[in-house]
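Here numbering that gives the first Met the number 0 is used: the first residue of the sequence shown is 0, the next is one more, and so on.
Note that beta-carbon positions come from the ideal geometry of N, C-alpha and C, so glycine has one too.
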Amino acid sequence: MSHRCALVFSRSCPARGVALLALVLAVLVAPRLKASVTYPVGNSPAGIAFDGANIWVTNYYGNNVTKLLASTGAAVGTYPVGTNPLGVAFDGANIWVANAGSNSMTKLLASTGALLGTYPVGSSPRAVAFDGTSIWVANGYGNNLTKLLASTGAAVGTYTVGSGPVGVAFDGANIWVANYGSNNVMKLLASTGALLGTYPVGSDPHAVAFDGANIWVANYGSKNVTKLLASTGAAVGT
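In structure tokens, the structure reads:
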């Protein structure tokens with residue numbers, strides 16, 4: 000058998016080629032196909048955020064957050080927050096936690112977990128988004144959003160939305176909120192809180208995300224997702 004046949008997979012030397020392919024898979028691919036690993040956190044983990052180096056998890060019944068090193072999953076620390084923490088977001092320096100049971104937001108220094116402040120918001124805060132300057136909080140039982148200045152935690156305003164707001168996202172200029180009880184999403188101008196539009200989606204919308212051009216909404220009740228054009232709110236598909 001030729002030297003060439005020993006190195007390549009071809010019709011002229013299939014057996015050697017198959018053996019070589021198996022060797023390549025074993026050496027290059029198999030080590031990457033590791034079994035999934037699970038990392039312990041607190042009681043009833045509910046929300047998750049990334050700060051550029053670490054993963055932060057809210058533990059709903061633990062009334063705390065767990066910080067894990069993203070590269071290894073190693074536990075860095077556990078930090079007490081308010082009652083029934085749900086949503087969590089990173090503002091570039093700090094971690095913000097929505098405490099659904101105590102109607103407050105907790106601000107922690109991301110580098111150390113040190114408590115920087117606790118700030119009152121609306122009833123049953125569920126989700127959090129950062130717009131580059133301010134923190135937006137969806138108050139599930141208040142049917143409104145609270146806007147806080149990220150630097151100080153000072154309240155900037157409260158804005159009425161639909162029934163049961165539970166998801167919130169920022170698209171670079173606007174805030175989008177998923178209204179669980181209204182089966183719609185609302186678009187507000189982040190700079191002022193002015194309502195720009197209301198758009199029907201599926202049943203019981205629960206979460207919302209921005210992909211750079213479109214808004215994606217997870218419809219809990221109808222078991223689907225809705226895609227909207229962020230610039231106009233026009234439905235792209237379900």
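A direct Cα-to-Cα measurement between A189 and T71 gives close to 36 angstroms. When C-beta atoms of the segment 120 to 135 are compared with those of the segment 145 to 154, three or more pairs fall below 8 angstroms, so the two segments count as touching. Following the DSSP letters along the chain, one finds N42 in no beta strand (DSSP E), marked with neither H nor E.
Apart from sequence neighbours up to five positions away, the residues of its chain that approach A153 with a beta-carbon distance below 7 angstroms are L147, ordered along the chain. Spatial neighbours of A45 in its own chain (CB-CB distance under 6 angstroms, excluding positions within 5 residues in sequence) are listed in chain order as T57, Y59, L85. Contact annotation: V96 and V64 have beta-carbon atoms nearer than 8 angstroms. Scanning the segment 121 to 162 from its first residue to its last, no whole alpha helix (DSSP H) run of 4-plus residues comes out. For N183, the enclosing beta strand (DSSP E) stretches over residues 183 to 188.
Of the residues assessed, T105 falls on the buried side of the cut-off, its CB having 16 or more other CB atoms within 10 angstroms.
In the DSSP annotation of this structure, the continuous segment of the beta strand (DSSP E) that includes K226 starts and ends at 223 to 228. Straight through space, the alpha carbons of V224 and P199 are spaced by roughly 12 angstroms. CA-to-CA, the gap between V40 and G81 works out to about 17 angstroms. Around S181, the same chain offers G161, S162 as residues with beta carbons nearer than 6 angstroms, after the five sequence neighbours per side are excluded.
Counting only residues of its own chain and dropping the five nearest sequence neighbours on each side, N62 has a CB closer than 6 angstroms to the CB of T82. The distance from the Cβ of A52 to that of A69 is about 6 angstroms, consistent with a contact at the 8 angstroms cut-off. Residue environment analysis places A177 among the buried positions, since at least 16 neighbouring C-beta atoms fall within 10 angstroms of its C-beta. With contacts defined as CB atoms closer than 8 angstroms, V207 and G166 qualify as a contacting pair. Close CB contacts of V127 within its chain, under the 6 angstroms cut and outside five residues either way in sequence, are with G86, A88, W95, A97, V136 (chain order). Each of G236, A217, A233, F209 was checked against the Cα of Y179, and the nearest Cα belongs to A217.
D50 sits close to A109, with the two beta carbons spaced by under 8 angstroms.
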